[in-house]
Amino acid sequence: MAPAFNKVFKPRRFGQLLLRDLAGGYRSMLVAMAAVAGTVIMISALTVLGTKVAGSRTGAWSFHFNLYSNLLFLGGFIVTSLAFREARQNGNGIFYLTLPASSLEKFASKLLTTSVGYALGSVVFYTAVAAASEGINRLIFGFGNAFFNPFDTRVLEAIGYYLVAQSVFLLGSVWWRKTAFLKTWGSLMAVAFGVALVAWAALRIVFAQHFHGWGIDLSDIPGFSELSRQASLGYGPLVTIGRVLRIVFLAGTAPVCWFIGWLRLREIEV
Amino acid sequence: MIEIKEMAFGYKRQKLFDGLDLFLEPGNIYGLLGKNGAGKTTLLKLICGLRFPQAGECRVMGYQPQNRAAGMLEDVCLISEELYVPPIAPALFERLYAPFYPRFDHGVFVEHLREFEIDASKKLSEMSYGQKKKFLLAFGLAARTRLLLLDEPTNGLDIPSKSQFRKALARSTTGDQLVLISTHQVRDMENLIDPIIILDEGKVIFQESMDEAAKRLSVSIEREQPTDAGVVFSDKTLGGYVVVRESAAGAENRVDLETLFNTVIASRERVRAIFGGGAAGKGA
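Chains as they are written, first to last, in the working numbering: chain L, 1 to 270; chain P, 1001 to 1284.
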């Protein structure tokens, strides 16, 4: 088993791929980091200035968490969507696909850099930028927004959600030849709309007699009021079903996307 | 090293190969010739797993190329006509990419860079097309992969570089290596590529060594257009006609690549008969 696995995954070769992925794009990464740092410092200063003009001397408590969430999700999805662009371009694709490493190693390298790598990197980077921006605010205005706390449970929770959602964009990156971000976003919207439509149609069929025009009233179903009351208090079967579905969704989405993405990478022809 | 049996491949609107057979052995620098659109580049892509056969079999060093196994790729180097180089310096390129090739030889790489007069301080993306190509050729030769695939290697090279390339390739190639060069620039490859493979209409229509071609065909320049039955091919040229005839037994002639190619394309059946049917691909 070990020698067979070694053929498709060698730690030394994987490490070299990681190094290549990071070193190959370091210039654009530095440019992007400088742009983000400048934007954060400017927006933070403008926010504090606005607060001061309004006569207050208390900065925003959630300012940096909100801004970091944008950097994590929007920035991460865009970076992820560009991950496999090189495999789809003519000369670049030939170079990348004939690079001596297995598809598993190539996929795992992109996955690691755009998921955990991006999340950790962005936390460290943002903590430093937020500290610098708040230092500047305090020097100029005498007060500032709350510092960014990378160990805040909301940050850790956001990273968890990012790791799941990011897998969909990684699949989009390997799936689409061009404009992967927009196409993945569009596909997600289409799927969400489709699911909502099917759910509404199913509801309409199953509970047809409870529909009054476009509205639905389930209160005359025996036991529904009690179930609804329990759910509003955070217990009961509806809450359990919701929890199970959430766990299945969160735990299942990423592995399914990774597996399909890996298969797709194996199939790319240039 | 390369075994292709009954392979079929085509694009959406064009069938390219149908029942293609090809067997290639190490220790040779094969020349792959064909008209535009004959499928030379596609064949190279099929051999290194960038395109997948639609039927038949293609095996390279025992691997199925479409699996793109790392074990196969570390012994295959394709220098494509569509060049890509990352925007980094040559030294960083070597640091990032050489470890993927277990037999990479730093000394050979440095030697070729010097020979090709590559400015090592310049970023690869800032180099001219010819310089990029020379850099990748130097890297490909230093990688010492058992299979080296070159697609139009002399396109974009200046006159001294073409000669340097020929010398470097002839010097670097070892007995366990197979080099397959796809080219239209037959004059650049004269005395380098041997045997010759000619692709046409989805098949290998000629696969012979230059020695064999020189034994079986004779080329002469004649003032008048010949009309005798012994003529395999004739073509008007400056000051007369290039005439190709079946050679008398045992006679040794010199056949240039361009004339050989034109003869094979124009008189396929006749050439096949002269080469005893073997001209349509060894083992086909």
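Ideal Cβ positions, reconstructed from N, Cα and C, are used throughout, including at glycine.
Just so it is clear, the structure is predicted and the values come from calculations on it, not from any experiment.
Option nearest residue i by Cα separation, candidates the options
i	options	result
Trp262 (chain L)	L:Ala87, L:Met33, L:Ala251	L:Ala87
Pro150 (chain L)	L:Gly91, L:Ser62, L:Ala231	L:Ser62
Phe14 (chain L)	P:Tyr1097, P:Ile1004, P:Phe1104, P:Ile1047	P:Tyr1097
Ile1004 (chain P)	P:Leu1050, P:Arg1059, P:Phe1233	P:Arg1059
Thr114 (chain L)	L:Gly55, L:Leu97, L:Val168	L:Val168
Asp1235 (chain P)	P:Asn1262, P:Leu1137, P:Ala1229, P:Ala1251	P:Asn1262
Trp185 (chain L)	L:Phe224, L:Thr80, L:Val129	L:Thr80
Gly1010 (chain P)	P:Leu1032, P:Gln1225, P:Arg1051	P:Arg1051
Glu267 (chain L)	L:Val174, L:Val191, L:Leu197, L:Leu238	L:Val174
Tyr1129 (chain P)	P:Arg1103, P:Phe1139, P:Val1085	P:Val1085
Phe280 (chain L)	L:Leu111, L:Pro237, L:Leu188	Absent from the model: residue 280 (chain L). The displayed extent of chain L is 1 to 270, so no value can be given.
Leu1125 (chain P)	L:Ala130, L:Gly24, L:Gly223	First, the amino acid is wrong: residue 1125 (chain P) is Ser here, not Leu. Of the listed residues, the one whose Cα sits closest to Ser1125 (chain P) is L:Gly24.
Thr51 (chain L)	L:Ala35, L:Phe141, L:Arg243	L:Phe141
Arg1103 (chain P)	P:Ile1088, P:Glu1252, P:Ile1118, P:Gly1071	P:Gly1071
Pro255 (chain L)	L:Thr153, L:Leu170, L:Gln89	L:Leu170
Val40 (chain L)	L:Leu49, L:Val129, L:Ala54, L:Gly75	L:Val129
Check whether residue i and residue j have beta carbons under 8 Å apart
i	j	result
Glu1152 (chain P)	Glu1258 (chain P)	no
Gln1164 (chain P)	Phe1116 (chain P)	yes
Val1186 (chain P)	Leu1022 (chain P)	no
Arg1053 (chain P)	Ala1008 (chain P)	According to the sequence shown, residue 1053 (chain P) is Pro rather than Arg. Their beta carbons are under 8 Å apart, which means Pro1053 (chain P) touches Ala1008 (chain P) by this criterion.
Phe77 (chain L)	Gln209 (chain L)	no
Lys1132 (chain P)	Leu1083 (chain P)	yes
Val124 (chain L)	Phe65 (chain L)	no
Lys97 (chain L)	Arg1068 (chain P)	For the record, residue 97 (chain L) in the displayed sequence is Leu; it is not Lys. Yes. Within cutoff.
Ala1120 (chain P)	Ala1091 (chain P)	yes
Leu970 (chain P)	Ser1182 (chain P)	One cannot answer for residue 970 (chain P) here, as it falls past the ends of chain P, which runs 1001 to 1284.
Ile1198 (chain P)	Gly1039 (chain P)	no
Leu197 (chain L)	Ile216 (chain L)	no
Glu1057 (chain P)	Glu1006 (chain P)	yes
Gly234 (chain L)	Leu227 (chain L)	no
Ser187 (chain L)	Ser44 (chain L)	no
Nonlocal neighbours in the same chain, by C-beta distance under 8 Å from residue i, ignoring five residues either side
i	result
Phe9 (chain L)	Ser102, Leu104, Glu105, Ala108
Thr1237 (chain P)	Ile1221
Val1108 (chain P)	Leu1141, Ala1142, Arg1144, Ser1172
Val1232 (chain P)	Leu1217, Val1244, Arg1245, Glu1246, Thr1263, Ser1267, Arg1270, Val1271, Ile1274
Glu1190 (chain P)	Asp1256, Leu1257
Pro1026 (chain P)	Met1001, Arg1146, Gly1175, Asp1176, Gln1177, Leu1178
Leu1136 (chain P)	Ile1079, Leu1083, Val1085
Local Cβ density within 10 Å of residue i, reported as buried at 16 or more and exposed below that
i	result
Gly252 (chain L)	exposed
Thr1227 (chain P)	exposed
Trp176 (chain L)	buried
Asn137 (chain L)	buried
Phe1206 (chain P)	buried
Phe95 (chain L)	buried
Thr179 (chain L)	exposed
Thr240 (chain L)	exposed
Ala182 (chain L)	Per the sequence presented here, residue 182 (chain L) reads as Leu, with Ala not at that position. So Leu182 (chain L) counts as exposed.
Ser1209 (chain P)	exposed
Lys7 (chain L)	exposed
Tyr26 (chain L)	exposed
Gln1014 (chain P)	exposed
Ala1213 (chain P)	buried
Val195 (chain L)	exposed
Pro100 (chain L)	buried
Ser225 (chain L)	exposed
Ser1161 (chain P)	buried
Gly1283 (chain P)	Confidence in Gly1283 (chain P) is poor, its pLDDT being 36 and thus under 50, which makes the residue's placement unreliable; the coordinate value appears in the next sentence. Classification of Gly1283 (chain P): exposed, given that the 10 Å Cβ count is below 16.
Gly1276 (chain P)	exposed
Leu1016 (chain P)	buried
Cutoff 7 Å; reference residue i; Cβ partners in own chain excluding five residues on either side
i	result
Tyr126 (chain L)	Tyr68, Leu71, Phe148
Ala1168 (chain P)	His1112, Glu1115, Leu1141
Cys1048 (chain P)	Pro1065, Val1076, Leu1078, Leu1149
Ile1193 (chain P)	Ile1029, Tyr1030, Gly1031, Ile1181
Ala199 (chain L)	none
Met33 (chain L)	Phe125
Val270 (chain L)	Asn90, Gly93, Ile94, Leu97
Cut-off 6 Å between Cβ atoms - residues of its own chain near residue i, not counting five sequence neighbours on either side
i	result
Asp1018 (chain P)	Ala1008, Gly1202
Phe1100 (chain P)	none
Asn92 (chain L)	Glu86
Leu250 (chain L)	Val164
Leu82 (chain L)	none
Tyr1241 (chain P)	Glu1222, Gln1225, Ser1234
Open item on the list: Does the region 154 to 173 of chain L come into contact with the region 112 to 131 of chain L, if we say contact requires no fewer than three beta-carbon pairs (one atom in each stretch) closer than 8 Å?
Closed with: Output reads yes: the region 112 to 131 of chain L touches the region 154 to 173 of chain L.
Open item on the list: Would the region 1135 to 1153 of chain P count as touching the region 1175 to 1184 of chain P if we require 3 or more Cβ pairs under 8 Å?
Closed with: Three or more Cβ pairs closer than 8 Å define a contact, and the region 1135 to 1153 of chain P meets that threshold against the region 1175 to 1184 of chain P.
Open item on the list: Counting beta carbon pairs with one atom in the region 133 to 148 of chain L and one in the region 48 to 64 of chain L, are three or more of them shorter than 8 Å?
Closed with: Enough Cβ pairs lie closer than 8 Å, so yes.
Open item on the list: Is it the case that the region 1206 to 1218 of chain P contacts the region 1237 to 1254 of chain P, given that we only count it when at least three CB pairs across the two stretches are under 8 Å?
Closed with: The region 1237 to 1254 of chain P makes contact with the region 1206 to 1218 of chain P, as at least three CB pairs between them are under 8 Å.
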